[in-house]
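Those sequence lines, one after another, are chains W and B.
Last residue of the first sequence? That's 624 in this note's numbering, and every number before it is there in order.
Last residue of the second sequence? That's 236 in this note's numbering, and every number before it is there in order.
Report on the structure given below.
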Amino acid sequence: MMGINRLQGIGYLMALGAILIVVQLVRIQTNVSAQKYSEVAAQTYNYETKVITPERGNIYDRWGSLLAGNTKVYEVGVSRNELGGEKNRETIARAAADILGLNYTEVLRLINGTYEEDGLLYVTLGSNFTPEQVNQLIELNRQYEDLPTPPKGQVNPSLRGMHWVPSLRRSYPEGRLASNVLGFYYYGGGAGEQGGYLGVEQKYEHLLAGRPTKVSVAVNPNAVEEIPDVPPGASIVLTIDREIQAMTEEVLDKAVEESGSKGGTIIIMDPRNGDILAMATNPRLDPNNYSEYYEIFPEDQPLNPAVSLTYEPGSVFKVLTMAAAIDAGVVTPDTEFVDTGVYMAGGLPIYNWDRGAWGPQTMTGCMQHSLNVCLSWVADQLGPTQFYEYLKAFGIDHRTNIDLADERIWPLRLPGDPYWTPLSLATNSFGQGLATTPIQMITAISALANDGKMMAPHVMHSYVQDGRQYEFKSIVLGSPVSAETARTVTEMLAQSLEQEASNALVPGYRVAGKTGTGEIAKGAEGYSTNLTNASFVGWGPVDDPRFIVYVWLQEPTSSPWGSVVAAPVFSEVVQKLVVYLNLPPDDIRLQLSP
Amino acid sequence: MQLQSLGLFLLGLVAAVMIAGLYLNVTAQASAAGARIQELEAEKEELMIDIAGLRTELGELTSADNMRRRAEAMGFQPANMETAQYLVIPDYPGKNVVMLAPPPVQERPRTLILPAYKESLWDFLFKGALKLIEQQGGLAQ
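Given below as structure tokens:
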């Protein structure tokens with residue numbers, strides 16, 4: 031028998047050791063607990079759960095100019111467990127102060143904190159730093175890394191532990207332009223406190239925001255899997271024309287300044303389909319800097335008075351009263367009325383704006399001279415039932431449902447309601463004792479510019495989602511009056527402007543329109559004696575209306591009258607608008623028509 | 096005999112080393128590819144952020160205000176009603192609202208793969224049995 035020499039013994043021992051290792055490996059791999067722990071470890075260390083927030087959809091004007099997009103910003107933070115000594119920390123604080131504009135002491139306090147104190151391993155220094163600022167940090171970091179090795183016992187300055195992560199932030203490249211229509215993106219303090227606020231941003235939050243998706247992302251390169259594509263939020267194409275909007279805002283700002291008004295609104299709409307081409311308001315907010323909101327809009331003033339602020343419109347409302355009366359067959363343009371200067375309604379006298387008696391007038395004359403006495407009589411001829419039925423048909427009792435957030439209305443008082451009296455019928459006939467928003471007024475009156483059909487006002491033309499563009503279909507809200515009535519009233523109002531040589535006239539273009547000067551109710555004190563709301567509504571060309579413009583100046587101080595301050599604004603807007611719309615003067619257009 | 100055993104042992108060892116080497120190579124390649132995919136995913140995310148940022152920057156450069164300033168600097172003036180001249184362009188439909196994407200299309204059912212190719216054996220047998228029963232007048236008498 032051969033003895034086992036020492037070398038063989040060592041060989042057998044090593045082989046046994048190897049076999050034991052293999053056995054142990056197999057045992058660990060197949061053990062039930064080991065498998066469980068392995069799964070937990072894999073789940074913990076191989077994957078991390080991440081919520082992918084899709085890029086917020088863009089907002090464009092009708093020609094594709096960007097009105098709201100997203101811009102690259104950086105979040106800068108410090109990972110405490112990567113930090114070195116005091117010099118490293120001081121260097122970071124100094125860089126944060128010099129480049130990011132942060133407070134040196136505060137940054138040092140933050141990064142010197144411990145996990146035990148605040149439960150944070152990573153502290154965020156800020157989240158809206160520009161790429162230029164971060165480029166400076168990168169350059170500084172490179173300079174520190176290029177420094178020669180320091181002598182023993184000394185350390186180089188370094189930004190070790192400082193991180194910058196790119197992300198997107200809502201941005202409005204046009205600044206204040208159309209900000210009342212767009213609204214803004216609000217970055218709140220906590221989760222769920224951010225999102226679109228007012229305007230299109232809020233109304234179409236569900237489209238713009240897309241669908242945030244929770245995904246499990248592999249950290250371990252061996253377990254890597256494809257991250258699912260999260261489609262961006264839908265982009266929206268508005269009906270707004272950027273150039274017309276800019277022009278309208280410019281005219282409005284000038285008018286507000288020259289008339290000493292508190293604010294103003296101009297809406298331009300295509301009466302054929304309800305497209306809002308421009309909606310200008312004054313004052314406006316820069317949505318990139320929405321923290322100024324309460325400075326610009328104190329005391330609950332809305333961002334967009336065009337849809338959110340009701341007021342007593344005054345005589346522009348006579349257009350609806352006259353249209354109702356003509357449609358009901360109560361009067362014709364030539365019906366005569368003898369204006370004695372006073373009309374008794376509910377036992378109280380109604381006077382004209384000038385307290386004058388205008389004698390015999392046709393209905394066209396009543397509109398031309400804006401006679402309250404005459405219109406009170408017209409409303410009486412209609413009777414309250416018919417009068418209010420027409421107002422409801424014009425949408426005065428409900429929202430237009432324009433696709434903008436925060437549309438408000440003032441409830442229309444009807445016969446039988448508390449506070450409705452026979453006097454209400456008379457005052458309502460000339461736009462007092464009731465309140466409407468500019469969007470309600472332009473929508474109602476647009477029926478007269480579109481053969482009696484009232485189109486739903488809207489600012490969204492289409493939206494782009496998943497690579498397809500879906501168009502908004504125009505909606506007919508109703509036909510409050512016949513096409514014949516619409517044309518008759520349009521002709522009456524065109525004639526009345528021409529006969530009084532109104533400031534609203536536009537050379538070369540025949541337009542119809544009506545001024546309005548609304549008194550302002552001051553609660554229990556009654557109506558203000560010196561403040562008014564000056565308005566004008568007009569449309570054209572009379573034979574084939576392509577635009578309707580509503581002007582409202584709040585509390586003008588240069589003159590209280592709509593005919594003096596609002597009518598010229600209409601004329602100025604239209605003179606510029608026709609160029610943008612490629613609309614030739616009537617004589618040329620009619621020659622070109624087949 | 097001892098040499099033969101040693102040879103067999105070495106053969107086994109070489110085979111094991113080869114398998115381990117192959118395994119290591121494949122795993123290393125997979126890891127490298129995985130790491131590259133992770134890098135590319137991060138790059139893709141950053142590129143998307145860059146694209147969005149550049150789009151907005153372009154929007155700022157071509158904003159109404161900037162375009163007006165640039166046009167004025169080049170000697171242009173805003174057109175006005177008095178100076179505008181109108182030309183008739185036959186059959187020109189006018190400017191259309193921007194189309195950023197094609198309109199929706201009617202989704203047609205996908206017919207590339209016939210249902211028969213997606214049937215399991217069990218479905219096939221079950222359907223065949225049902226067909227047979229129907230031909231014979233149903234289950235109940």
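Where is the CB? At the ideal position from N, CA and C, for every residue including glycine.
Note that this is a predicted model, so its numbers are computed, not measured.
- For Val211/W, the closest Cβ of chain B is not nearer than 9 Å.
- Burial is judged here by how many other beta carbons sit within 10 angstroms of a residue's own beta carbon; Gln584/W has at least 16 and is buried.
- Listed along chain W, the residues sitting closer than 8 Å to Leu195/B by beta-carbon distance are Tyr90, Gly94, Ser265, Val267, Val494, Gln499.
- In the structure shown, Lys552/W falls within a coil segment according to DSSP collapsed to helix, strand and coil.
- Contact between Gly377/W and Arg86/W is absent: CB atoms are separated by about 60 Å, not below the 8 Å threshold.
- Of Lys292/W, Ala534/W, Thr466/W, Ala435/W, the smallest CA-CA separation from Val489/W is found for Ala435/W.
- Contact annotation: Ser197/W and Ala98/W have beta-carbon atoms that are not nearer than 9 Å.
- Contact of Gln230/B with chain W is not assigned, every C-beta pair being separated by 9 Å or more.
- Between Gly543/W and chain B, the shortest Cβ-Cβ separation is not below 9 Å.
- Between Ala465/W and Tyr610/W, the C-beta spacing is not below 9 Å.
- Beta bridge pairing from DSSP links Ile380/W with Tyr373/W.
- Separation of Glu366/W and Cys396/W (C-alpha to C-alpha, rounded to the nearest whole angstrom) is 9 Å.
- When rounded, the separation of the alpha-carbon atoms in Glu528/W and Pro537/W is 11 Å.
- Identification of residues in the segment 172-191 of chain B having a C-beta nearer than 7 Å to some C-beta of chain W yields Ala174, Asn175, Met176, Ala179, Tyr181, Val183, given in sequence order.
- Here Thr295/W is buried. Its C-beta has 16 or more other C-beta atoms within 10 Å.
- DSSP places Lys182/W in the coil class of the three-state scheme, outside both helix and strand.
- Between Leu268/W and the set Gln621/W, Ala534/W, Arg92/W, Gly115/W, the nearest pair of CA atoms involves Arg92/W.
- In the structure shown, Arg199/W falls within a strand segment according to DSSP collapsed to helix, strand and coil.
- In the DSSP assignment, the residues bridged to Glu501/W are Ser492/W.
- Cα atoms of Thr160/W and Val103/W: separation of roughly 5 Å, rounded to the nearest angstrom.
- In the DSSP assignment, Gln398/W falls outside any beta strand (DSSP E) and within the unbroken alpha helix (DSSP H) covering 393-398.
- For Gly148/B, the neighbours in chain W by C-beta distance under 8 Å run, in chain order, Asn100, Thr101, Lys102, Pro161, Leu198.
- Residue pairing of Ser109/W in beta bridges, as defined by DSSP: Tyr152/W.
- Burial state of His491/W is buried, judged by a 10 Å Cβ sphere holding 16 or more other Cβ atoms.
- Its Cα nearest to that of Thr101/W, the residue Glu141/B stands out among Ala224/B, Ala168/B, Glu141/B.
- Only residues of its own chain outside the window of five on either side were considered, and among them Ser246, Ala248 have a CB closer than 6 Å to the CB of Tyr77/W, listed in chain order.
- Taking C-alpha positions only, Gln99/B is separated from Ala127/B by approximately 41 Å.
- Residue state for Tyr420/W is assigned as helix, using DSSP reduced to three classes.
- Shortest Cα-Cα distance from Arg498/W to any of Ser68/W, Ser265/W, Ile82/W, Gly107/W involves Ser265/W.
- Interface flag for Gly183/W against chain B is unset, since no Cβ pair is found closer than 9 Å.
- For Leu167/W, the closest alpha carbon among the candidates Thr311/W, Val254/W, Thr121/W is that of Thr121/W.
- For Gly386/W, the three-state secondary structure derived from DSSP is coil.
- Neighbourhood of Ser201/W in chain B, by CB distance below 7 Å: Thr151, in chain order.
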